[in-house]
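Heads up: the structure comes next, in structure tokens.
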Amino acid sequence: MKKINFKTDTYLGIVLLLIGTFFLKQSFQLRESTSLFPKIILSLFILLSIILIVTSLLSEVKDSDFKVSEIKYPMVIFILCICYVVGLQMIGFIITTLIFIPAVMLFYRNNKKILYIGCTLGTILFMYTLFNIVLKLQLP
Amino acid sequence: MWGEVLSNLISLQSVIAMMVGVIGGLVIGALPGLNATMAVSLLIPITYAIKPSAGFIMLMSIYTVAFYGGSISAILIHTPGTPASAATALDGYALTKQGRGLEAIGMTTVASMIGGAVSGFALLTISPLLAKVSLMFSSAEYFLVAIFGLTVIGGISGGNAVKGFLMGLFGLFLGTIGMDQITGQLRFSFGIDAIASGIPLIPALIGMFSISQVMVQAENYLEIIKNKKLEGTDVELSGKFLPTKKELIKLIPNFIRSSVIGVIVGILPGAGGDIGAWLSYSEAKKASKNPEEFGKGSLEAICASETANNAVTGGSVIPLITLGIPGSAVASVLLGGFLVHGMVPGNQMFTKNASITYSIIIGFIIANIVMGIVGMLIARHVVKVANIPIAILSPIIIVLSSIGAYAINGSIIDLYIMLVFGLIGYFMRKFNLPTAPTILGLLLEPTAESGFLNAIIQAKGQPMLAYYFSRPICVILIIMIALTIISPLIKYIRKK
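Read top to bottom, the protein sequences are chains A and B.
Under the numbering used here, the first residue of the first sequence is numbered 15, with each subsequent residue one higher.
Under the numbering used here, the first residue of the second sequence is numbered 50, with each subsequent residue one higher.
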């Protein structure tokens, strides 16, 4: 009997299986005609996630392990992005961007102060001209 | 009509759009970490405010020039700016080490220009014919074509076919979210108003490709804060640049073969520049009189891979504008762009929208030639762009993405969608789940579902299998779908 190991893909398959099952249950609440296509798609989805689980259990190739430490910095960036969007919503483009660009540059420990000012102003000016004047699209 | 085409092409907007596309494409292509898919998705919102012909000329210019720019980085600093340039990196960098880097760039310039222009001509000649074929298409055929596109892109992109198909299905599912087209019933929206009319396409695209990319780059945080300069970017290049006439004549068979390979690979839905480049590389090696030079600095090799990867660009647009099936990931993004402008792929592109379509195609051919000329002028300096610190790039990309996503509907909610898809996109990449099938599924869901349901109606009570098999085009499509699903299976069994 081949060795069965749980790998990243296995957990992934299980998660996908759960997601698929959840939505499949949801689709039963829909009227018949609208639920047909989703039901087919979700059923295939569940089938394939089971295949994924099985093939990864049987596979002898070592998967890349998912280390939580790897996602630390991307998460920081993501949170910065959330702040940016919220800022856009509440304060508007110019001020939020004014704070945001230096914030990210600080995060990456860039040391050239001139770059800070130059890039921030440059980007804001560029976007402003491009969107407001040339393209006549709205800015938040 | 041709008068309109001409006036479209010489309008100021088109000329500026083309220059922006060419220079932007060079810079973005040369920057490792940014790719054409991301650039095109970022710039689609800008096409809203300008004429569609100008807008798409810009996007397609970026598409083809980005591959060229990526090759410059590949040759000089052994870091392909885009995956399609990986084949060039091998021989290109070898030539750089021999002091012949400039020759390699010269070859790339000529090859990319020829490959791109040839694919533009293919686009011009083949598409109208294929569009007529699409007239024979009815609901059943469209459904199958959508499925075919998804199976190919799921099977080929990123290795694991099961994951590819899973992501295609996931995309289709995402497409069902929101109001159903026929009955208006809300599906899977859980009371969230934002998605009641479906997931907005462009913000999802921008999130999935651009925001996730910025997050992926942040993983190298510890390396980044060291602020290292990339080696090789300070090298002063000298020596011969362009290939001589004699060399060019000897390479004609190579150019022809590689262009054809590139166009065909491009037409195949799902196969992109990287596949075209490697296939052409191996074919050139087989046909070469000096195969042992391949890998050690063979100009023939560069000619093959570069001609092919640019030829893929035009080829991938052929099924896009005739059948609505994108030939590559970037083409999927272009599809989104077309749909948003109300340009429906198919015969319409050559009848109602003919002047726009032909403007775009001819603009594309011109852009390739412009690329060659611009390349000859500034190629050696382009690589310095790779030194721009991520510290500056990241915030700029985020700002561009956000404003772009916002500008479409003026809705902040689109920005939150962008963030959500950024997160989803990031985790998909962490788990090696390919993103292209998801976007394609999202894009193609309306086509697939309406095709499916309408086919049932049109079958008028016949059992569905009998109906599908009674239509010749459907049978061909079913066979192709079956082949695409079975071939990864065969590969898997062979490995055991």
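All C-beta atoms, glycine included, are put in the ideal place defined by N, C-alpha and C.
Chain-ordered neighbours of arginine 236 (chain B) on chain A, where CB pairs are closer than 7 angstroms
Residues of chain A passing the Cβ test: Leu44, Thr48 and Pro52.
Under the three-state reduction of DSSP, which class applies to arginine 478 (chain B): helix, strand or coil?
helix
Grouping DSSP H, G and I as helix and E and B as strand, with all else coil, what is methionine 185 (chain B)?
coil
Helix, strand or coil at leucine 235 (chain B) according to DSSP, with G and I counted as helix
strand
Chain-ordered chain A contacts of lysine 212 (chain B) [CB-CB under 9 angstroms]:
Asp23, Leu26, Leu62 and Leu66
Same chain, Cβ closer than 7 angstroms to aspartate 229 (chain B), five either side skipped, listed in chain order
Arg236
Could you give the DSSP three-state label for methionine 228 (chain B): helix, strand or coil?
For methionine 228 (chain B), the three-state secondary structure derived from DSSP is strand.
Return helix, strand or coil for proline 43 (chain A), following the three-state DSSP convention.
The question names proline, but residue 43 (chain A) is glutamine in the sequence shown. In this structure, glutamine 43 (chain A) counts as coil in the three-state DSSP scheme.
First through last residue of the alpha helix (DSSP H) which encompasses threonine 362 (chain B)
348-372
Could one say the Cβ of lysine 540 (chain B) lies closer than 9 angstroms to chain A's Cβ atoms, at least one of them?
no
Closest Cα partner of alanine 245 (chain B) within the set B:Val419, B:Gly165 and B:Gln234:
B:Gln234
Evaluate the contact criterion for the region 112-125 of chain B versus the region 159-179 of chain B: three or more CB pairs, one atom per stretch, below 8 angstroms.
yes
Tell me the DSSP secondary structure of glutamate 268 (chain B) in three-state form.
coil
Start-to-end residues for the alpha helix (DSSP H) that takes in phenylalanine 399 (chain B)
Note, phenylalanine 399 (chain B): premise wrong, no alpha helix (DSSP H); not H, not E.
By the criterion of Cβ-Cβ separation under 7 angstroms, what are the contact partners of isoleucine 273 (chain B) in chain A?
Tyr122
I think leucine 328 (chain B) touches isoleucine 310 (chain B), with their Cβ atoms under 8 angstroms apart; what is that distance to the nearest whole Å?
6 angstroms
Check whether the region 398-414 of chain B touches the region 165-179 of chain B, counting contact only when three or more Cβ pairs, one atom from each stretch, lie closer than 8 angstroms.
yes
Mind listing the chain A neighbours of lysine 225 (chain B)? Cutoff is C-beta to C-beta under 8 angstroms, in chain order.
In the sequence on display, residue 225 (chain B) carries threonine and not lysine. Per Cβ cutoff of 8 angstroms: Phe51, Pro52 and Ile55.
Within chain A, partners of serine 451 (chain B) - CB distance below 7 angstroms
Tyr98, Val99 and Leu102
Would DSSP call leucine 58 (chain B) helix, strand or coil?
helix
Would you tell me roughly how many angstroms separate the C-alpha atoms of asparagine 57 (chain B) and cysteine 133 (chain A), rounded to the nearest one?
35 angstroms
Chain B beta carbons: is any one of them nearer than 9 angstroms to that of isoleucine 158 (chain A)?
Any answer about residue 158 (chain A) is impossible in this case: the structure gives chain A only from 15 up to 154.
Note the first and the last residue of the continuous alpha helix (DSSP H) segment covering tyrosine 130 (chain A).
127-141
Listed in chain order, which residues of the region 113-145 of chain A have Cβ atoms closer than 7 angstroms to some Cβ of chain B?
Phe114, Ile115, Val118, Met119, Tyr122, Arg123, Asn124, Leu129, Cys133, Thr137, Met141 and Phe145
What is the DSSP secondary structure of asparagine 84 (chain B), counted as helix, strand or coil?
coil
9 angstroms is my cut-off, CB to CB: does leucine 71 (chain A) come that close to chain B?
no
Residues of its chain near phenylalanine 258 (chain B), where Cβ-Cβ distance is below 6 angstroms and the 5 sequence neighbours each way are ignored
Thr86, Met87 and Ser90
Is it right to say valine 211 (chain B) is buried, meaning 16 or more other beta carbons lie within 10 angstroms of its own, or is it exposed?
buried
Return the CA-CA distance between lysine 39 (chain A) and leucine 92 (chain B), expressed in angstroms with no decimal places.
The C-alpha of lysine 39 (chain A) lies about 39 angstroms from the C-alpha of leucine 92 (chain B).
For serine 47 (chain A) and isoleucine 260 (chain B), what's the separation of their Cα atoms in angstroms?
36 angstroms
Within chain A, the residues that serine 443 (chain B) reaches when beta carbons sit closer than 8 angstroms
The contacting residues are Ile91, Val118 and Tyr122.
Near glycine 363 (chain B), what residues of its chain come up, given a Cβ to Cβ distance below 7 angstroms and the 5 sequence neighbours on each side ignored?
Gly165, Ser168, Gly169, Ala171, Leu172, Val312, Gly315 and Phe413
With contact counted as at least three CB pairs below 8 angstroms, one residue from each stretch, are the region 493-501 of chain B and the region 189-197 of chain B in contact?
yes
List, in chain order, every chain A residue whose beta-carbon is nearer than 7 angstroms to that of isoleucine 447 (chain B).
Cys95 and Tyr98
Please list, in chain order, the residues of the region 468-480 of chain B that have any C-beta partner in chain A closer than 8 angstroms.
Residues Leu468, Gly471, Leu472, Tyr475, Lys479 and Phe480.
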